[in-house]
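Just below is one structure, and these are the notes that go with it.
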Amino acid sequence: KAGVTQTPRYLIKTRGQQVTLSCSPISGHRSVSWYQQTPGQGLQFLFEYFSETQRNKGNFPGRFSGRQFSNSRSEMNVSTLELGDSALYLCASSLWGELTYGYTFGSGTRLTVV
Amino acid sequence: AQTVTQSQPEMSVQEAETVTLSCTYDTSENNYYLFWYKQPPSRQMILVIRQEAYKQQNATENRFSVNFQKAAKSFSLKISDSQLGDTAMYFCAFMEYGNKLVFGAGTILRVKS
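Here the protein sequences line up with chains A and B, keeping their order. For reference, each letter of the first sequence is one residue, going 1015 to 1128 in the numbering used here. For reference, each letter of the second sequence is one residue, going 11 to 123 in the numbering used here.
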């Protein structure tokens, strides 16, 4: 059974540009969440999608957005990149978004903004 | 706001020995879930063990077990018979409603041969 797949693994962008990251959840999983991991702030919740609807959102500016497609694949977009957006972006999926089993994470996309 | 505190930034243990990682959390809720995740250099977060707050029995998964003290809001992870492959960053995480995980700052565990 394939795990959670995130592409690309590494990305270098210039300040002011925009970027799109992709996440393919485990087959059959309908909930996808995104987290940002930085040395200074640790792991922070970005948003969660379930059946193409955003159910929950963290405290990030509007430059951070996401969406989920009918096949449960999800993308997140960051516009007008800032140096502080450099981070590891992790995607996690679960069957229903239920609380009991936690989430299965991907290996992340390392974004570097220069 | 819910918070999770891991007071040990780094720990070391000899192979085959036992180590305990500490975690405390703050919440006013009665129903919630607690997790320990492991993040090796490959970056993928791997679920180690989970605990439902309404269950008094401590969760166990092979060499991994927890000591869940609900009144004290404490959730420590014990790793028995430590192996070199256990070397990783360990995160304690809390989840209640909203399907949002709140993570602690992490503890780097190094297993020495």
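We put the beta carbon where it would ideally sit given N, CA and C, even for glycine.
Beta strand (DSSP E) segments (min. 3 residues) lying fully within the segment 1022-1062 of chain A: 1024-1027, 1033-1038 and 1045-1052
R1087/A vs S1038/A beta-carbon contact at 7 angstroms: yes
Pairwise C-alpha distance: S1047/A and R1069/A: Taking the CA atoms as reference points, R1069/A sits about 10 angstroms from S1047/A.
So with Cβ pairs under 7 angstroms, would you call M99/B a contact of chain A? no
State whether the segment 1098-1110 of chain A contacts the segment 80-90 of chain B, with contact taken as three or more CB pairs (one from each stretch) at a distance under 8 angstroms. no
Report yes if the CB atom of Q61/B is closer than 7 angstroms to the CB atom of F78/B, and no otherwise. yes
Proximity test, Cβ basis, 7 angstroms: K110/B and chain A: yes
On the three-state DSSP scale, how would you describe G1098/A? helix
Given a threshold of 16 other Cβ atoms within 10 Å of its Cβ, counted over all protein chains shown, does S1108/A qualify as buried or as exposed? buried
Any idea if V1128/A is buried or exposed, counting beta-carbon neighbours within 10 angstroms, 16 or more meaning buried? Looking at its Cβ environment, which holds fewer than 16 other Cβ atoms inside 10 Å, V1128/A is exposed.
Could you tell me which residues DSSP puts in a beta bridge with A1106/A? S1047/A and F1119/A
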